[in-house]
Amino acid sequence: EAKKRLLQYGPNTIEEKEEGWIHRLFRRFWGPIPWMIEVAAILSASVQRWEDFTIIMILLLVNAIVDFYQESKALSAIAVLKKKLARKALVLRDGTWRQIDAKEIVPGDIVKIKIGDIIPADAKLLGGGDFLQVDQSALTGESLPVNKKEGDELYANAVIKQGEMIAEVTATGERTYFGKTVGLVAKAQREERSHFQKMVLNVGNFLIAVTAVMIAIILYVGIERNESLTELLIFSLVLTISAIPVAMPAVLTVTMAVGARVLAAKEAIVTRLASIEELAGMDVLCSDKTGTLTQNRMTLSEPYVAEGFEADDLFFYAALASREENSDPIEEPIFEHLRHQGLHEKTASYRQKKFIPFDPVRKRTEAVVEKDDCELVVTKGAPQVIVALSSIADGEKEAVLGQIYAFAKKGFRTLGVAYRKCEEETYTFVGLIPLFDPPRVDSKEAIANAKTFGVETKMVTGDNIAVAKYIAGLLDIGEKIEDVRELRGQGMGEYVILSQVLARAFAKVIHPDLSKEELEKQVQEVVELVKDELTHTPLPSGIVKKHESEIVALIEQADGFAQVFPEDKYFIVDELQKADHIVGMTGDGVNDAPALKKADCGIAVSGATDAARAAADIDLMAPGLSVIVDAIKEAR
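If you count the sequence shown from 1, position 422 lands on 581 in the working numbering, and the numbers rise without skipping.
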């Protein structure tokens, strides 16, 4: 059965039709400008002007070799992505677990996945454990590991951080989420021709057409007047060499190589020379959020502290319910705060007897700690869960729930903290700790500087819309952050309008005596609840068909997009290019590779993965957006 399916679906690899290097090299001598240079060389040889012939051939070879080198670098993007594929997998075959090459996996295979494994193919979790913690940041751009339970989907090439479960393979090779990403990179590579290259080609084609017409007239008139054919050929050669931009590609290459050296001093390494011109002409920059606009590390915001406690108490109990050696990105800022406040020793004086890590079922961590024969049970986790476990007066409970909602609206990751003595049944609520990934200190200024250069910055992120709006507000990017589902025809706009109409109609029937102001207030409350529900609900696509011009207008008017997948980034760049924008794109993960390749100027930020660097045109050595603004200035 496995062999049959292997024939049906093919191996679990990324197939690529490779063009031989000889064919790629000879393609450099085929095209309007090479043809004219070759005609000039033939004319030089025919009239025995060997000095001219030698110079023309040197220019032709220089153009071909430089172009060949640039394409070879571009081809490495897919090669790097292919290296990321998992090598081996533990599979259930004939009733026994055996390790096989990952390329032999087929849809329907049952695989066992444990901590440290690279997921070999797209799969659906069947059970065999409580949950998995999966790092899929390089694939989706999500800044924190995600928890997966039975029934959830796993993506090929994500890394297991915690847990062990079994899963059924649903897609292999090019049909996987990762395979589609590679396919988009290949598509972008096939379509790759920059604005600058098109401009050079247009200039060349115009000069070739003019020259061809002039030579035809000269030959016709000369033959009619019985002029010497040798003299006519020499005259045609002079005209061809003077009119055809024989040296233009070589001169441009040298000029841009000098520009690349200048940019290198600004910590921007150019890997595709034509991108310098694209960088200078760029008018839209699509920027990744995590790590480019933000610091890519969780930071504490202003906490909510329950009555009778202080902020230091809140962080102290939160630290007791954590393990420092786990280096959890959510727990690290708590320990950092305690060290800064000099409270680390107080925490260390407690002995942790038992620790239960976070899992998606209980949604909290729990620890039993002891000091001087006094035992405490401390817990931290999802705020609603912690509130439900705690004894809180009704008045305060309402305030706490309101604060949880306020933090959620800002897109904060919030932890509730509580403790109890071993003999007690209910927990004492201590407070709420909001965490977020803060903007880089230079991001706001860099965006403002880019605007003065006529470059509009659009934030493109895989995070949810609340996080995106909050960060966009802090950076003055703009308030119009769209859910990317609007582009896919899965937008919530029509549902929201419908909910307004229905809410107003029901309110008039149920409460006919309401004033206009009270009615509108109730309608707005319903609409906000509907919006909140729709944010977490998968919507069917194509409910409302948008014309392409509407989609382009939506992208142009938006200040950013949230909940974005790799194919969405590619689509956004493609639509902007169709509207004659010169588009820059920043990125750092495998998920960014297709859009980096598609953009007129792909920029791999500091700390980017190998796949992103291979797909990009410019590789930044220093973090942040200010380096890009400096590079635009220098390129111009």
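C-beta: ideal position from N, C-alpha, C; glycine also.
query                                                                                                                                                                                        : result
To which residues does DSSP link Phe-579 through a beta bridge?                                                                                                                              : The identity of residue 579 in the sequence shown is Arg, whereas the question assumes Phe. Paired residues: Val-536.
Exposed or buried, which one is Gly-613 when buried takes at least 16 other CB atoms within 10 Å?                                                                                            : exposed
Taking a contact to mean a Cβ-Cβ separation below 9 Å, would you say Cys-760 touches Val-619 in this structure?                                                                              : no
Could you check the C-alpha separation between Val-660 and Gly-275 for me, to the nearest Å?                                                                                                 : 51 Å
In terms of residue numbering, what span does the beta strand (DSSP E) encompassing Glu-588 cover?                                                                                           : Note that residue 588 is Phe in the sequence shown, not Glu. First-last of the beta strand (DSSP E) with Phe-588: 587-595.
Taking Asp-727 as part of the alpha helix (DSSP H), name the residues at either end of that continuous run.                                                                                  : 725-737
Could you pull the start and end residues of the beta strand (DSSP E) that Leu-284 belongs to?                                                                                               : 281-286
For Ser-205, which residues in the same chain have their Cβ closer than 8 Å to its Cβ, ignoring the five residues on either side in sequence?                                                : Leu-392
Identify, in the order they occur along the chain, each residue of the same chain with its Cβ nearer than 8 Å to the Cβ of Lys-283, setting aside the five sequence neighbours on each side. : Gly-310, Asp-311, Glu-312, Leu-313, Ala-326, Glu-327 and Thr-329
My understanding is that Thr-335 touches Ala-315, with C-beta atoms under 8 Å, so please give their C-beta distance in whole angstroms.                                                      : 4 Å
Assign Glu-684 to buried or exposed, taking buried as 16 or more other Cβ atoms, counted over all protein chains shown, within 10 Å of its Cβ.                                               : exposed
Would you call Thr-213 buried or exposed, if buried means 16 or more other Cβ atoms sit within 10 Å of its Cβ?                                                                               : exposed
Can you list, in chain order, the residues of its chain whose CB lies under 8 Å from that of Gln-356, leaving out five sequence neighbours each side?                                        : Ala-433
Using DSSP with H/G/I as helix, E/B as strand and the rest coil, what is Leu-646?                                                                                                            : coil
Out of Ser-296, Asn-306 and Val-689, which one is the CA nearest neighbour of Phe-290?                                                                                                       : Asn-306
Over what stretch of residues does the alpha helix (DSSP H) that includes Trp-194 continue unbroken?                                                                                         : 191-205
Determine the extent of the beta strand (DSSP E) in which Asn-306 is found, giving its start and end residues.                                                                               : 305-307
Would you call Ala-717 buried or exposed, if buried means 16 or more other Cβ atoms sit within 10 Å of its Cβ?                                                                               : buried
Between the Cα of Gly-179 and those of Phe-227, Asp-211 and Gln-167, spot the shortest distance and give me the residue it belongs to.                                                       : Phe-227
Are the CB atoms of Leu-438 and Ala-790 nearer to each other than 9 Å?                                                                                                                       : yes
With distances taken Cα to Cα, identify the nearest neighbour of Ala-541 among Leu-594, Gly-554 and Ala-161.                                                                                 : Leu-594
Could you compute how far the alpha carbon of Leu-396 sits from the alpha carbon of Trp-189?                                                                                                 : 20 Å
Smallest Cα separation from Glu-197: which of Leu-166, Gly-169 and Thr-399?                                                                                                                  : Thr-399
Could you give the residue range of the beta strand (DSSP E) that holds Phe-514?                                                                                                             : 510-515
Under the rule that 16 or more other beta-carbon atoms within 10 Å means buried, what is Tyr-476, buried or exposed?                                                                         : buried
Tell me which residue opens and which closes the alpha helix (DSSP H) that Arg-183 is part of.                                                                                               : 180-186
Does the stretch 556-571 come close enough to the stretch 621-631 to have 3 or more Cβ pairs within less than 8 Å?                                                                           : yes
Which term fits Pro-462, buried or exposed, when burial requires 16 or more other beta carbons within 10 angstroms of its beta carbon?                                                       : buried
Could you tell me whether the stretch 441-460 touches the stretch 734-744, using the rule of 3 or more Cβ pairs below 8 Å?                                                                   : yes
Using a Cβ-Cβ cut-off of 7 Å (strictly less than) and excluding sequence neighbours within five positions of Val-527, which residues of its own chain qualify?                               : Lys-512, Lys-513, Glu-534 and Val-536
For Ile-415, does the count of other Cβ atoms within 10 angstroms reach 16, so buried, or fall short, so exposed?                                                                            : The identity of residue 415 in the sequence shown is Met, whereas the question assumes Ile. With 16 or more Cβ atoms within 10 Å of its Cβ, Met-415 is classed as buried.
Please state whether DSSP places Asp-472 in a helix, a strand or coil.                                                                                                                       : helix
If we require 4 or more residues per run, which alpha helix (DSSP H) segments fall completely within the stretch 620-646?                                                                    : 624-634
Within the chosen definition, does the stretch 744-764 reach the stretch 670-677 through at least 3 CB pairs nearer than 8 Å?                                                                : no
Among the candidates Lys-308, Val-359, Val-369 and Leu-452, whose CA atom is the shortest distance from the CA of Lys-603?                                                                   : Leu-452
Just the Cα atoms here: how many angstroms apart are Phe-517 and Asp-471?                                                                                                                    : 23 Å
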